[in-house]
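In my numbering, the protein residues as written are 2 to 177. Note that beta-carbon positions come from the ideal geometry of N, C-alpha and C, so glycine has one too. Being a predicted model, the structure only gives us computed values, none of them experimental.
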């Protein structure tokens, strides 16, 4: 099994960047612009409706918290909704521009991870990567993954460094 995977990897060339695509041949420029505009307007309406529903659902809860703590969440919620709309719009533009789509099947996901694992376990692949300079691209991907993981950790801990520790009034250390 391992020998056949190695032979396959030796024979398979490394993937390179996809050639630039031209959309002008498939549809006139005006049609593409108008369809993108219509899609953007539809997505904006859906997002606006979802934001209004979320605001209506969270309203009583926010009022109770505001009454108990004395904090005003009105300005914060407006900023949050605005920033979420901007992020959603940006994500949508990237999604459309890059032609992103979810995987068609579970088999495609399994195949991608199997290829990734097989290449990671193959020393010949790494020597080839080191020789042609592709290691720089892999290093950038690794740094991006580490950054995303670190941001998730910071959000999960709700603290930039370390985990919050509650101090007890009585020490549990043995007396000397």
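Reference residue i, options the options, closest by Cα
| i | options | result |
| --- | --- | --- |
| residue 101 | 93, 107 and 133 | 93 |
Rounded straight-line distance, which links the Cα of residue j to that of residue i
| i | j | result |
| --- | --- | --- |
| residue 90 | residue 136 | 33 Å |
| residue 114 | residue 141 | 19 Å |
| residue 151 | residue 84 | 22 Å |
| residue 145 | residue 155 | 15 Å |
| residue 161 | residue 147 | 15 Å |
| residue 87 | residue 46 | 13 Å |
| residue 124 | residue 99 | 32 Å |
| residue 55 | residue 79 | 12 Å |
Proximity test, residue i beta-carbon vs the ligand FMN heavy atom, cut-off 6 Å
| i | result |
| --- | --- |
| residue 111 | Judged by which ligands are present, the structure shown has none, so any question about the ligand FMN falls away. |
Sequence-distant residues of its chain with Cβ nearer than 8 Å to residue i (five each side left out)
| i | result |
| --- | --- |
| residue 107 | none |
7 Å Cβ shell around residue i - same chain, five flanking residues per side excluded
| i | result |
| --- | --- |
| residue 130 | 136 and 139 |
Cutoff 6 Å; reference residue i; Cβ partners in own chain excluding five residues on either side
| i | result |
| --- | --- |
| residue 167 | none |
Please list the segments of the alpha helix (DSSP H) lying wholly inside the region 102-133, counting only runs of 4 or more residues, in order along the chain.
-> 107-121 and 124-133
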